[in-house]
Every structure is written in structure tokens, then in C-alpha cells.
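By our numbering, the letter at position 109 of the sequence shown is numbered 109, and the numbering carries on one by one without gaps.
Ideal Cβ placement from N, Cα and C applies to all residues, glycine included.
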Amino acid sequence: MAENTFVTPAGKKKNGFRKFLGWLVVIILFIGGILIWWNYYYVYGEGVKSGELNYVVKKGNIFKTYEGKLIQSGFRSKTLGSVQSYEFEFSVTDDSLAKILMTNSGNYYDLHYKEYKGAIPWRGYSVFIVDKIIGTKPVAR
């Protein structure tokens, strides 16, 4: 018998190269699964953003997701001579939380969020996912 083959209980020879290919496929699938988890499901960061809620809308072609924008206090300039406010764009996965935000647009919010490395279509367009409201107060006009 050759070194790279062995006899199975049924008496048939099995090639060592096929066994190697089988293990290679398993290893590639395992590494691919880890990379998908790392890029799309691992929480990269989390924190709290505060500001005036500009809007929350439900939109999407196939996956309808809640998308929102929070205007933070302060101004910054990306280019010399222009003024731009801080904007925090986020997605919301919880329907009840999104409905609370939609009905109280314009108020000042402290929103807790989780940051992922990549966006998934059914989770939202943004890598920032708001998961709870820490505090809220009306804005004096």
C-alpha cells in the first residue's frame, strides 16, 4: 500500500489529497465565519451621544430600517471658512424605541449606541445602532 492512501472499512482506498481538501474547506469556512462575525456582529465600541433629534424615518427598498440623525451642539469646519454642525447618523433596530423617537422629534436626547465595523442591510445603513434612550428633555425655543 502507498503511504498517502488507506483502506476504509468497506475495502475502498481513500486518497490523502481528498482528505486534505476536505480539511482545507472546513478551515476556510471556519475562518470565513470568524471574519463575518468580526466585521458585522462584534461590538467595536459603544457610548452615548447627546443632541437635538432631527429626524427618524423608516426607509429601504427590501429591508425597511429606521434611520435617524441627531444634531449635536457645537460647530466644526471640515474646510477652511465654512461652518458645519456635528451630526450623528444612526440606525434603530427596536421598533418601539424608533416609534418613541419618531413621535418626539425635536427634543434633546442622550442616546446609547453600539458601533460595529460594518453595516448589514437588515440592521440599518449606519454602523451606529441606537439601543436605548438614556435621557430626554424638551428644547426651549
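- Here Val127 is buried. Its C-beta has 16 or more other C-beta atoms within 10 Å.
- Under DSSP, Thr65 shares a beta bridge with Lys59.
- In this structure Gly51 is buried. Its beta-carbon is surrounded by 16 or more other beta-carbon atoms within 10 angstroms.
- Around the beta carbon of Ile62, fewer than 16 other beta carbons sit within 10 angstroms, so the residue counts as exposed.
- Taking 9 Å as the cut-off, the beta carbon of Gly68 is found closer than this to the beta carbon of Val92.
- With 16 or more neighbouring CB atoms inside 10 Å of its own CB, Tyr113 falls in the buried class.
- Judged by DSSP secondary structure, Asp94 falls outside any alpha helix (DSSP H); it is assigned neither H nor E.
- If you look at Tyr108, you'll find it in the beta strand (DSSP E) that goes Tyr108 to Tyr116.
- Tyr125 places its beta carbon 9 Å or farther from that of Tyr41.
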